[in-house]
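**Q** In this text, residue positions in the sequence shown follow full-length UniProt numbering: the first is 1, and each later residue adds one.
Cβ coordinates follow ideal geometry from the N, Cα and C atoms, glycine included.
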Amino acid sequence: MLKVLPKQTASMQTRDGVRLDADIYRPDADGEFPVLLMRQPYGRAIASTVVYAHPTWYASHGYIIVIQDVRGRGTSEGEFQLFTHEITDGEDAVNWAASLPSSNGKVGMYGFSYQGMTQLYAAVNQPSALTAICPAMIGYDLYTDWAYEGDAFCLQTNLAWAIQLATESARLRGDKTAYQALFAASRNLPLTNPETLQQLAPDSFYHEWLTHSQADAYWEKLSPKQHLQAVDLPMFHIGGWFDTYLRGTLHLYKDMATRNTKPQHLLVGPWAHLPWGRKVGEIDFGIKAASPVDQMQVRWFDQFLKGVETGLLQESPVCLFEMGSNIWRTFPNLPTPTHKFYFLSTTGLASIREDSGTLSNAPCPMSSDVLVHDPWRPVPAVGGHAAIPAGVFERSHIDCRSDVLIYTSEPLLENLHLAGDVMAKISCTADQPSYDLCAVLSEVYPDGRVYNLTQGYVHCRDGASNVSTKIQLQPTCARIAKGNALRLSLSAACFPAYAMNSGNGAVITSDNLRDAEIITLTVNCGGEGNSQVVLPDLSSYRT
């Protein structure tokens, strides 16, 4: 490892004359080096060290590291508008970084979340210096992958992020009153805050995102997906099983792996959005769950920016952490599992008795359960990918509620390995024009403990119709141990992870909570409805 020079600060001008500031970390050595660029909105000194090694570590491996404040953030000039300027500013930043003293002219980019998004936008115009990127935890289609899930607004994560950005904006403009109010709101999520955000940050993206509650031209223009169709770059995709943006990571990987000629590698750990460690919620996944990302990114950039033969291209490109066995499994591509079906059956008391609702391997005679959603006491969010905090939590106290339907299998006779998409198909009707459905798949231990594996959520607009509602749960990779059981839990809310349904649409402020109706759902099991959960069974998969 090389010694690293003291940090320097440098500035560039965008094509429209806006100054962008960056910190630069250089190896204390002669010669030319590739540049690793990170562009972010949170103050460049942080440098995403919540999940990555400090830039000095990367510089010690023979790279010039550039951490840049995007337009209107940190000390950079201009007005910050979410994602709006990142295509042209990103291209300008790549070209500027490539021309820095001692640069070899090749630029790579890394970073997660917003810093992952800036990589995709910078790639749009295909600057020649941009050689490889490592996008982590991103939204490819911002409507389906970031702002909404199953047409339901992801309330807690969007509101928390909007308030964080608005608080920093107030600090940068020296508005002490707004800063203090927004900071206080950030510690009191979620009910009291939409009004605060409207008053103190009327220009926040949050208000637009609420207005565009269905996929439309707004999302098409804003999303990276619409701009990346001609891009062909080596990409190392990084995600987490409990990251709220995993849909985007997998969406991007699948698209790029299908049509690109350049290598596409994928790593998915057991992590939430942050941090990336062995403890995720209440579960310790062991030492192997500690993040290997820094070392893997250096190998990636050594391969493509330095031309070093790392052996990377001879390895399987897909690496997934299997929870339960707590090991990394590798595959030549995303595995194609067989489908395993569990059918819902009930005595009609699945909201009252733990032994009433069952998951069976074969369809059962027709039966039904009734679920009543009371907006005064909505089913709370616990863990999963959409709540704060995210991850795995013991949830038997949630399953004991009378507004949660639970369906449990017999104890497994053999280990069950799952990898891929999980789908619940629920036949139901409601007494209101609109309703929501939340499905949680859990592992049940013999002593009664229940730990969530994955969940999904859908906003329905056809309450009176008897339809089979499809709930796409978050993809997962897990081993369910022999002797444990599976459970599907259904509820009409998962608050505040998702905006609650009033019976006529989403409740988005504490004021219109007054209009929320009690919703009565009837879930049909057996018969023609055949409510079921479809699992990606990898037990017999051989690499």
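How is residue 394 classed by DSSP in three states: helix, strand or coil?
**A** Residue 394 sits at position 394 when you count from the first residue of the sequence shown. Residue 394 falls in the strand class under three-state DSSP.
**Q** Give me the Cα-Cα distance between residue 535 and residue 361, rounded to the nearest whole angstrom.
**A** The count along the sequence shown starts at 1 and reaches residue 535 at position 535. The count along the sequence shown starts at 1 and reaches residue 361 at position 361. If you take the alpha carbons of residue 535 and residue 361, they lie about 12 Å apart.
**Q** Could you tell me the alpha carbon to alpha carbon distance between residue 489 and residue 372, rounded to whole angstroms?
**A** If you number the sequence shown from 1, residue 489 lands on position 489. If you number the sequence shown from 1, residue 372 lands on position 372. Computed Cα separation, rounded: 14 Å.
**Q** Out of 76, 468, 457, state which residue places its alpha-carbon closest to the alpha-carbon of residue 525.
**A** Position 525 of the sequence shown holds residue 525. Selected option, being the one with the closest Cα: 468.
**Q** May I have the straight-line CA-CA distance separating residue 15 from residue 120, to the nearest angstrom?
**A** In the sequence shown, the residue the question calls residue 15 occupies position 15. In the sequence shown, the residue the question calls residue 120 occupies position 120. If I take the Cα positions, the gap works out to 19 Å.
**Q** Curious, which full-length beta strand (DSSP E) runs of at least 3 residues does the region 362-394 contain?
**A** Those beta strand (DSSP E) runs which fall completely within the region 362-394 and span 3+ residues are 367-373.
**Q** On a Cα-Cα basis, can you pick out the residue from 513, 457, 43, 4 that is closest to residue 65?
**A** As a first step, residue 65 must be located in the sequence shown, where it is residue number 65. When only C-alpha atoms are compared, the closest one is 4.
**Q** How is residue 263 classed by DSSP in three states: helix, strand or coil?
**A** Taking the sequence shown and counting its residues from 1, the one referred to as residue 263 is at position 263. Residue state, collapsed to three classes: coil.
**Q** Using a Cβ-Cβ cut-off of 7 Å (strictly less than) and excluding sequence neighbours within five positions of residue 222, which residues of its own chain qualify?
**A** The residue you call residue 222 lines up with position 222 of the sequence shown. If we look at residue 222 and ignore the five residues flanking it on each side, its Cβ neighbours are 83, 142.
**Q** Tell me which same chain residues have a C-beta within less than 6 Å of the C-beta of residue 210, skipping the five on either side of it?
**A** Stepping through the sequence shown from its first residue, residue 210 is reached at position 210. Excluding sequence neighbours, residue 210 sits near 508.
**Q** Restricting to Cα atoms, I'd like to know which of 453, 459, 364, 447 is closest to residue 483.
**A** Reading the sequence shown from its first residue, position 483 is the one you call residue 483. When only C-alpha atoms are compared, the closest one is 447.
**Q** Using a Cβ-Cβ cutoff of less than 7 Å, which residues in the same chain neighbour residue 164 once the five nearest sequence positions on both sides are dropped?
**A** Counted from its first residue, the sequence shown places residue 164 at position 164. Answer for residue 164: 186, listed in chain order.
**Q** By the DSSP assignment, the alpha helix (DSSP H) with residue 58 in it spans what residues?
**A** As a working mapping, residue 58 is identified with position 58 in the sequence shown. Note, residue 58: alpha helix (DSSP H), 55-59.
**Q** Identify which residue in 369, 253, 413 has its Cα closest to the Cα of residue 133.
**A** On the sequence shown, position 133 is the one that residue 133 refers to. If we check each option's Cα against that of residue 133, 253 comes out closest.
**Q** Measure the alpha-carbon distance for residue 72 versus residue 100 and round it to whole angstroms.
**A** Counting from one through the sequence shown, the residue named residue 72 turns up at place 72. Counting from one through the sequence shown, the residue named residue 100 turns up at place 100. Their Cα atoms are separated by approximately 23 Å.
**Q** Within the same chain, show all residues whose beta-carbon is closer than 6 Å to that of residue 12, passing over the 5 residues directly before and after it, in chain order.
**A** The sequence position of residue 12 within the sequence shown is 12, counting from 1. Only 20, 96 meet the Cβ criterion.
**Q** Evaluate contact between the region 234-250 and the region 159-174, counting only Cβ atoms and requiring at least three cross-stretch pairs below 8 Å.
**A** Taking 8 Å as the limit for Cβ pairs, the verdict is that the region 159-174 does not touch the region 234-250.
**Q** Taking C-alpha atoms, which residue in 470, 305, 445, 494 lies nearest to residue 530?
**A** In the sequence shown, residue 530 corresponds to position 530, counting from 1. Here the closest residue by C-alpha is 470.
**Q** Using the Cα positions of residue 202 and residue 303, report the straight-line distance between them to the nearest angstrom.
**A** Residue mapping note: residue 202 aligns to position 202 of the sequence shown, counting from 1. Residue mapping note: residue 303 aligns to position 303 of the sequence shown, counting from 1. Cα to Cα, the separation comes out at about 46 Å.
**Q** Return helix, strand or coil for residue 550, following the three-state DSSP convention.
**A** This structure does not reach residue 550, given that the chain is present from 1 up to 543, and the question cannot be answered.
**Q** When you compare the CB of residue 2 with every CB in chain C, is at least one pair closer than 9 Å?
**A** Considering every chain present, this structure includes no chain C. It has just one protein chain.
**Q** Looking at the secondary structure, which residues open and close the alpha helix (DSSP H) in which residue 179 lies?
**A** Here residue 179 refers to the residue found at position 179 when the sequence shown is read from its first residue. Looking at the DSSP string, the run of the alpha helix (DSSP H) that includes residue 179 is 176-186.
**Q** Which one of 67, 151, 46 has the shortest CA to CA distance from residue 461?
**A** Position 461 of the sequence shown holds residue 461. Among 67, 151, 46, the Cα nearest to that of residue 461 is on 151.
**Q** Let me know the secondary structure DSSP gives residue 17 once reduced to three states.
**A** On the sequence shown, residue 17 is found 17 positions in, with the first residue counted as 1. It is coil, neither helix nor strand.
**Q** Between the C-alpha atoms of residue 405 and residue 421, what's the straight-line distance to the nearest angstrom?
**A** Position 405 of the sequence shown holds residue 405. Position 421 of the sequence shown holds residue 421. Using only the alpha carbons, I get a separation of about 22 Å.
**Q** What does the alpha-carbon distance come out to for the pair residue 46 and residue 275?
**A** Reading the sequence shown from its first residue, position 46 is the one you call residue 46. Reading the sequence shown from its first residue, position 275 is the one you call residue 275. Rounded to whole angstroms, residue 46 to residue 275 spans 14 Å at the Cα level.
**Q** Looking at the unbroken alpha helix (DSSP H) that takes in residue 302, where does it start and where does it end?
**A** Within the sequence shown, numbered from 1, the residue matching residue 302 stands at position 302. Residue 302 -> alpha helix (DSSP H) spans 293-305.
**Q** In terms of alpha-carbon separation, which member of 265, 285, 418, 261 lies closest to residue 271?
**A** Taking the sequence shown and counting its residues from 1, the one referred to as residue 271 is at position 271. The shortest C-alpha separation from residue 271 is found at 285.
**Q** Taking the alpha helix (DSSP H) that residue 165 belongs to, which residues open and close that run?
**A** Counting from 1 along the sequence shown, the entry for residue 165 is found at position 165. Note, residue 165: alpha helix (DSSP H), 155-172.
**Q** Please report the distance separating the alpha-carbon of residue 30 from that of residue 90.
**A** Position 30 of the sequence shown, counting from 1, holds the residue named residue 30. Position 90 of the sequence shown, counting from 1, holds the residue named residue 90. Roughly 28 Å separates the two Cα atoms.
**Q** Taking the beta strand (DSSP E) that residue 242 falls in, what are its first and last residues?
**A** Reading the sequence shown from its first residue, position 242 is the one you call residue 242. Element bounds for residue 242: 235-242.
**Q** How close, in whole Å, do the beta carbons of residue 39 and residue 145 come, if the pair is a contact with beta carbons under 8 Å?
**A** Within the sequence shown, numbered from 1, the residue matching residue 39 stands at position 39. Within the sequence shown, numbered from 1, the residue matching residue 145 stands at position 145. That pair is no contact at about 20 Å.
**Q** By the DSSP assignment, the beta strand (DSSP E) with residue 492 in it spans what residues?
**A** As a position in the sequence shown, residue 492 is number 492, starting the count at 1. Per DSSP, residue 492 belongs to no beta strand (DSSP E) and is neither H nor E.
**Q** Taking the straight line between their C-alpha atoms, what separation do you get for residue 452 and residue 519?
**A** The residue you call residue 452 lines up with position 452 of the sequence shown. The residue you call residue 519 lines up with position 519 of the sequence shown. In a straight line, the C-alpha of residue 452 is about 25 Å away from that of residue 519.
**Q** Could you compute how far the alpha carbon of residue 381 sits from the alpha carbon of residue 76?
**A** Locating residue 381 in the sequence shown gives position 381, counting from the first residue. Locating residue 76 in the sequence shown gives position 76, counting from the first residue. Whole-angstrom Cα-Cα distance: 38 Å.
**Q** Apply the 10 Å Cβ neighbour rule to residue 34 and answer buried if 16 or more other Cβ atoms are within range, or exposed otherwise.
**A** Within the sequence shown, the letter at position 34 stands for residue 34. Counting Cβ neighbours within 10 Å, residue 34 comes out buried, since at least 16 surround it.
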